[in-house]
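Going by our numbering, the sequence shown opens with residue 89, and the numbers climb by one from there.
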Amino acid sequence: MLIKTIHNWELPEASATPEDVFWNRRQILQGMGLGAATIGAGALGISDAFGAADPTLDLYPAKRNETYKLDRPITAEKLNLEYNNFYEFGSTKRIAEAAQALPIRPWEIKIDGMVEKEFTIGIDELIRKIGIEERLYRHRCVEAWSMTVPWSGFAMSKLVDLAQPTSAAKFIRMETFHNPEIAPGQKPPLFSWSNKLPWPYVEGVSMAEARNELSFLVTGAYGKPVAKQMGAPLRLALPWKYGFKSIKSIVRFSFTDKQPVSFWETILPNEYGFYANVNPAVNHPRWSQASERVLGTNERVPTLLYNGYHEQVAKLYVNLGLPPHVLYR
Ligand SMILES: Nc1nc2c(c(=O)[nH]1)N[C@H]1C(S)=C(S)[C@@H](COP(=O)(O)O)O[C@H]1N2
Ligand SMILES: [Mo]
């Protein structure tokens with residue numbers, strides 16, 4: 089019997105530099121028939137695959153919350169729409185076209201586990217019930233590139249309030265959709281390395297992190313409903329953590345007393361931890377986190393502790409007594 093093991097070099101997010109896997113990715117792209125990817129109107133977030141208007145369109149653009157300021161210009165929308173990590177749709181940055189296959193209505197979100205009463209709610213009802221605002225946030229991938237994004241959405245604390253967790257709940261475990269029929273990355277035979285990938289994509293936060301003012305559930309970007317390749321219709325934005333924590337296209341929030349094990353942590357437990365807070369002084373086992381490449385200008389700038397959000401989040405970690413390799417990886 090042939091047992092396939094996953095090698096680090098086969099995993100884009102685990103590579104020493106994104107460029108290192110260029111050839112590997114190119115082979116995968118060719119395998120998918122997407123060698124010369126072109127970006128159509130749908131992929132640019134202008135309309136969905138069938139041209140149907142988003143049911144929440146009237147809520148955009150949302151009023152900006154001026155509390156959150158940037159020290160650099162907003163990343164061009166076009167760049168953000170064409171440079172994504174969304175492994176369900178392929179292991180390159182050019183997944184925008186493939187992601188248009190994701191049906192985002194109807195979209196039900198399940199709230200379960202340690203809550204007063206489990207329930208399921210449709211995305212449009214959820215958005216209208218809570219309401220949305222705009223925030224300008226930094227976004228830093230562990231691959232050492234960064235962006236700045238005008239997100240729309242609502243504080244995660246508002247979803248927690250709606251869910252009514254019991255006092256036993258200590259963490260929230262989140263799940264992305266699972267549908268290999270439309271997401272080729274979830275289909276075992278296509279990529280050799282996907283044989284053992286633990287789909288669906290899972291992420292988690294502690295209750296204290298979920299209630300922190302910065303934790304933001306994203307429904308829109310650039311003044312309109314968020315594009316599919318960026319995680320429509322609901323994704324997370326945790327700007328002080330590496331990008332992989334910001335799970336896309338969420339279908340489930342489970343309140344639990346057990347620390348969730350994420351998608352990447354399951355695959356490479358020595359490299360991806362639960363906290364994954366940005367820290368320029370704590371390197372990933374195989375590459376430096378000291379600086380980052382700003383997408384758009386390609387300028388290399390020093391990375392900041394907690395990605396510049398020290399003031400809002402440092403208090404979450406001071407009394408945990410956890411070592412750097414646990415908090416910052
Ligand atoms: N479901 C899901 N969520 C995901 C990912 C993914 O592959 N699948 N990639 C993560 C990573 S590694 C990053 S850096 C960000 C990328 O978000 P962006 O494409 O909007 O820049 O999404 C995160 N959320
Ligand atoms: Mo990432």
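We treat Cβ as the ideally placed atom computed from N, Cα and C, and that holds for glycine.
The structure displayed is predicted, hence computed values, not measured ones.
List the whole-angstrom C-beta distance separating I338 from T264, where the pair is believed to meet the contact cut-off of C-beta under 8 Å.
Counting from one through the sequence shown, the residue named residue 338 turns up at place 250. Counting from one through the sequence shown, the residue named residue 264 turns up at place 176. With a Cβ gap of about 6 Å, I338 and T264 count as contacting.
Label K346 either buried or exposed according to how many other C-beta atoms from any shown protein chain fall within 10 Å of its C-beta, with 16 as the threshold for buried.
What you label residue 346 is simply residue 258 of the sequence shown in a count that begins at 1. By the neighbour-count rule (16 or more Cβ atoms within 10 Å), K346 is not buried but exposed.
Any non-hydrogen atom of ligand 1 within 8 Å of G319 CB
For the purposes of this step, residue 319 is identified with residue 231 of the sequence shown, where counting begins at 1. At least one heavy atom of ligand 1 is nearer than 8 Å to the Cβ of G319, so yes.
Beta-carbon proximity list for K157, same chain, < 8 Å, skipping 5 on both sides:
In the sequence shown, the residue the question calls residue 157 occupies position 69. Contacts found: L224.
With distance defined between alpha-carbon atoms, name the residue in I335, Y363, V314 and F341 nearest to H413.
Your numbering for residue 413 matches position 325 in the sequence shown. Closest option to H413, Cα to Cα, is Y363.
Should T264 be listed as close to ligand 1, given that the test is whether its C-beta is under 8 Å from any heavy atom?
Residue numbering aside, residue 264 sits at position 176 when the sequence shown is read from its first letter. It does: the Cβ of T264 is within 8 Å (strictly closer) of some heavy atom of ligand 1.
Please find out if some non-hydrogen atom of ligand 2 comes closer than 8 Å to the beta-carbon of E297.
Taking the first residue of the sequence shown as 1, we reach residue 297 at position 209. For ligand 2, not one heavy atom lies less than 8 Å from the Cβ of E297.
Tell me whether the region 223–237 and the region 188–207 touch, counting them as touching only if at least three CB pairs, one residue from each stretch, are closer than 8 Å.
no
Simplified DSSP assignment, three categories, for E170:
Walking along the sequence shown from the start, residue 170 turns up at place 82. The answer is helix: DSSP assigns E170 an H, G or I state.
For K329, which three-state DSSP category applies?
For the purposes of this step, residue 329 is taken as the residue at position 241 of the sequence shown. K329 falls in the strand class under three-state DSSP.
With C-beta atoms as the reference, is G210 less than 9 Å away from I197?
What you label residue 210 is simply residue 122 of the sequence shown in a count that begins at 1. What you label residue 197 is simply residue 109 of the sequence shown in a count that begins at 1. In contact: G210 and I197 (Cβ atoms closer than 9 Å).
Pairwise C-alpha distance: P348 and V382
For the purposes of this step, residue 382 is identified with residue 294 of the sequence shown, where counting begins at 1. For the purposes of this step, residue 348 is identified with residue 260 of the sequence shown, where counting begins at 1. Roughly 31 Å between the two C-alpha positions.
Quick one, are the C-beta atoms of M244 and F304 less than 9 Å apart?
Here residue 244 corresponds to residue number 156 of the sequence shown, with the count starting at 1. Here residue 304 corresponds to residue number 216 of the sequence shown, with the count starting at 1. Yes, these two residues count as a Cβ contact at 9 Å.
Would the beta-carbon of M202 fall within 9 Å of that of P276?
On the sequence shown, position 114 is the one that residue 202 refers to. On the sequence shown, position 188 is the one that residue 276 refers to. No.
DSSP on Q115, reduced to helix/strand/coil?
Your numbering for residue 115 matches position 27 in the sequence shown. Annotation note: pLDDT 37 at Q115 (below 50); position unreliable, coordinate value reported separately. Helix at Q115.
Kindly indicate the opening and closing residues of the alpha helix (DSSP H) around I209.
Within the sequence shown, the letter at position 121 stands for residue 209. Element bounds for I209: not the alpha helix (DSSP H) but the beta strand (DSSP E), F207 to G210.
Start-to-end residues for the beta strand (DSSP E) that takes in D200:
Walking along the sequence shown from the start, residue 200 turns up at place 112. D200 -> beta strand (DSSP E) spans E196 to G201.
Closer than 7 Å by C-beta to P288: which residues in its own chain qualify, once you throw out the five before and the five after it? Chain order, please.
As a working mapping, residue 288 is identified with position 200 in the sequence shown. Hits under 7 Å: E263, T264, F265 and H266.
Taking DSSP's pairing of strands, which residues face R226 in a bridge?
For the purposes of this step, residue 226 is taken as the residue at position 138 of the sequence shown. Answer by DSSP bridge pairing, in chain order: T236.
N- and C-terminal bounds of the beta strand (DSSP E) containing E353
Looking up residue 353 in the sequence shown gives position 265. No beta strand (DSSP E) contains E353, which is instead part of the alpha helix (DSSP H) from F351 to I355.
Rounded to the nearest angstrom, what separates P272 and G178 at their Cα positions?
Taking the sequence shown and counting its residues from 1, the one referred to as residue 272 is at position 184. Taking the sequence shown and counting its residues from 1, the one referred to as residue 178 is at position 90. When rounded, the distance between both Cα atoms is 7 Å.
Are the beta-carbon atoms of E297 and L322 separated by less than 9 Å?
Sequence index remark: in the sequence shown, residue 297 carries index 209 (1-based). Sequence index remark: in the sequence shown, residue 322 carries index 234 (1-based). No, Cβ-Cβ distance for E297 and L322 is not below 9 Å.
If you measure from the CB of V306, is any heavy atom of ligand 2 nearer than 8 Å?
As a first step, residue 306 must be located in the sequence shown, where it is residue number 218. No; taking the cut-off as 8 Å, the Cβ of V306 has no heavy atom of ligand 2 nearer than that.
Length of the line joining the Cα atoms of G396 and L408
For the purposes of this step, residue 396 is taken as the residue at position 308 of the sequence shown. For the purposes of this step, residue 408 is taken as the residue at position 320 of the sequence shown. Going from the Cα of G396 to the Cα of L408 covers about 21 Å.
Distance check for K217 and C229, CA to CA, integer angstroms please.
Taking the sequence shown and counting its residues from 1, one reaches residue 229 at position 141. Taking the sequence shown and counting its residues from 1, one reaches residue 217 at position 129. Roughly 31 Å between the two C-alpha positions.
Classify V401 as helix, strand or coil using the three-state DSSP reduction.
In the sequence shown, residue 401 corresponds to position 313, counting from 1. DSSP places V401 in helix when its eight states are reduced to three.
Hey, would you say L169 sits closer than 9 Å to A320, going by beta carbons?
Taking the sequence shown and counting its residues from 1, the one referred to as residue 169 is at position 81. Taking the sequence shown and counting its residues from 1, the one referred to as residue 320 is at position 232. Going by C-beta atoms, L169 is not nearer than 9 Å to A320.
Hey, would you say the C-beta of M244 is under 8 Å away from at least one heavy atom of ligand 1?
Here residue 244 refers to the residue found at position 156 of the sequence shown. No.
Heavy atom of ligand 2 within 8 Å of E231 beta-carbon:
What you label residue 231 is simply residue 143 of the sequence shown in a count that begins at 1. Result yes, Cβ under 8 Å from ligand 2.
Buried or exposed: which applies to E269, given that a residue is buried once 16 or more other Cβ atoms fall within 10 Å of its Cβ?
Within the sequence shown, residue 269 is the residue found at index 181, counting from 1. By the neighbour-count rule (16 or more Cβ atoms within 10 Å), E269 is not buried but exposed.
Would you decide whether E291 is buried or exposed? Buried here means 16 or more other CB atoms lie within 10 Å of its CB.
The sequence position of residue 291 within the sequence shown is 203, counting from 1. So E291 ends up on the buried side.
Residue from G361, A164, V306 and W375 whose Cα sits closest to the Cα of P385
Within the sequence shown, numbered from 1, the residue matching residue 385 stands at position 297. As written in the sequence, residue 385 is Thr, which differs from the Pro given in the question. For the residues G361, A164, V306 and W375, the minimum Cα distance to T385 belongs to A164.
Contact criterion: CB-CB distance below 9 Å. Does E359 meet it with respect to chain C?
Absent here is chain C; the protein component of the structure consists of one chain.
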